[in-house]
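Heads up, the thing below is written out as structure tokens.
Numbering (this note's numbering), first residue to last: 137 to 575.
Rendered as structure tokens:
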């Protein structure tokens, strides 16, 4: 009897619980209290079309420029707005930039060569976003490198290999890139550190990682690299060990090969090492210390001259740009007009006065060799595009120099098509007191 009563109570309790479940499910969770995220500004179709037209107009303005300025402008255009916007145009422009950049002067100075190489690498990288196979084809056309210094293909490979592997199966993509790299590095200039992206894509297949690294190691042990190439391979070794992609035996074998090639340079009486080369050798030796400790300790005994290398560090004075008080005042006036929500005609007047200052600055030729505008002018034009998206293109006609007109069009187009808040980079903020950004 007692058992039956308990059994009845248990059944009733269970029935009540089952009936309550649907009601509990329908009960809304209490809203979380907190600051709501501000929604992004709404961009109309007309505004988006206007921004794309501004970018195309900037490209057209640049057609008559000299190669150096045209390269700088096209680099800006390729990074204007998200990659998927104007994808067809940008793919075409990336190929055009790849050829145009090769027309820039070479072997004049380190800075000139670096700018040229960076432009070629940028073109290949942006093309790889849309067509990585075509990017590899264009990289095949570049001249051979010796491995004595970073060339355009080595720089481009660092930016192209990762997107290429994302678009291809790991195994086939790795072998394709290895085939290209072997051809490029036949006499030096193999893209070693760029190959780290391949190792990352092969994970977690340990056998595939080990096999790929050993194939690259076989290329390196031929001894065709210059000092930069040796340092570049040491960077790959550091990446591989950090990812635990290779065995200890492979790491030590690679370390011994690095040391052997470093000795070849340090003991050659006909080679006078520059400070930059000594720095690269020291970096490579340090990577051996981290990744192949046995090889490093062995080198301390058998190659003591390597540890006597010293590079003279040159202290470079960094010049802090002077604040243009006129541009700073114009920026703050425009920000204030936006805060006060002044009528459009008044806002345009404020923008017009600011752009006149920008025009006077660049018309005077104070930045004839610059590849991009100063931070204050950039911020002012960007904020102007945010404040008056539908009229800024017309107002930018006040900029008389074709290059700067086109460049500022691209900057403003970014704000017209994808508006974001713009902070004032010239503001002097007291500690603990931040100036509000214009909404």
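Glycine is no exception: its CB is placed at the ideal position from the N, C-alpha and C atoms.
State yes or no: is the C-beta of residue i within less than 8 Å of the C-beta of residue j?
i           : j           : result
residue 292 : residue 317 : no
residue 398 : residue 421 : yes
residue 416 : residue 367 : yes
residue 483 : residue 524 : yes
residue 217 : residue 554 : yes
residue 488 : residue 466 : no
residue 494 : residue 519 : no
residue 545 : residue 190 : yes
residue 386 : residue 424 : no
residue 382 : residue 346 : yes
residue 512 : residue 464 : yes
residue 333 : residue 298 : yes
residue 537 : residue 497 : no
residue 379 : residue 436 : no
residue 288 : residue 315 : no
residue 296 : residue 280 : no
residue 326 : residue 365 : yes
residue 266 : residue 223 : yes
residue 253 : residue 286 : yes
residue 403 : residue 428 : no
residue 230 : residue 251 : no
residue 407 : residue 439 : no
residue 303 : residue 268 : yes
residue 264 : residue 294 : no
residue 183 : residue 426 : no
residue 534 : residue 186 : no
residue 349 : residue 310 : no
residue 389 : residue 430 : no
Kindly identify the DSSP beta-bridge partner or partners of residue i.
i           : result
residue 322 : 324
Taking the alpha carbon of residue i as the reference point, which residue from the options has its own alpha carbon closest?
i           : options            : result
residue 414 : 444, 393, 405, 424 : 444
residue 211 : 508, 388, 403, 488 : 508
residue 321 : 304, 298, 355, 307 : 355
residue 255 : 393, 208, 220, 266 : 208
residue 393 : 187, 381, 406, 352 : 352
residue 307 : 290, 326, 337      : 337
residue 131 : 522, 537, 365      : What is shown of the chain runs 137 to 575, which leaves residue 131 out entirely.
residue 234 : 197, 187, 273, 403 : 273
residue 505 : 540, 325, 480, 534 : 540
residue 204 : 227, 238, 179      : 238
residue 460 : 180, 534, 514      : 514
residue 240 : 313, 350, 206, 462 : 206
residue 201 : 550, 542, 551      : 542
residue 361 : 198, 401, 313, 503 : 401
residue 236 : 391, 198, 192      : 198
residue 328 : 290, 226, 475      : 290
residue 283 : 341, 249, 363      : 363
residue 391 : 412, 357, 409      : 357
residue 193 : 305, 179, 213, 178 : 213
Which of the three DSSP states is assigned to residue i in this structure?
i           : result
residue 344 : helix
residue 339 : coil
residue 302 : helix
residue 173 : Interpretation of residue 173 is limited by its pLDDT of 48, a score under 50 that renders its predicted location unreliable; the figure taken from the coordinates is listed afterwards. Looking at residue 173 - three-state DSSP - the assignment turns out to be coil, as it is neither helix nor strand.
residue 359 : coil
residue 379 : coil
residue 165 : With a pLDDT of only 48 at residue 165, under the threshold of 50, the placement of this residue in the model should not be trusted; the figure read from the coordinates follows. DSSP places residue 165 in coil when its eight states are reduced to three.
residue 284 : coil
residue 196 : helix
residue 529 : helix
residue 510 : coil
residue 397 : helix
residue 178 : coil
residue 556 : coil
residue 158 : Legend: pLDDT at residue 158 = 43, less than 50; position of this residue unreliable, no value from coordinates given.
residue 277 : coil
residue 385 : helix
residue 501 : coil
residue 368 : helix
residue 565 : The pLDDT assigned to residue 565 is 44, lower than 50, so where the model puts this residue is not dependable; a value taken from the coordinates is nonetheless given after this. Three-state result, residue 565: coil.
residue 330 : helix
residue 536 : coil
residue 403 : coil
residue 310 : helix
residue 524 : coil
**Q.** Segments assigned beta strand (DSSP E), at least 3 residues, entirely inside the segment 405-493
**A.** Runs of the beta strand (DSSP E) spanning 3 or more residues and lying entirely within the segment 405-493 do not occur at all.
Q. Where in the segment 180-268 do unbroken runs of the alpha helix (DSSP H), each at least 4 residues long, occur, reported from the N-terminal end onward?
A. 181-197, 203-214, 223-237, 246-266, all fully within the segment 180-268.
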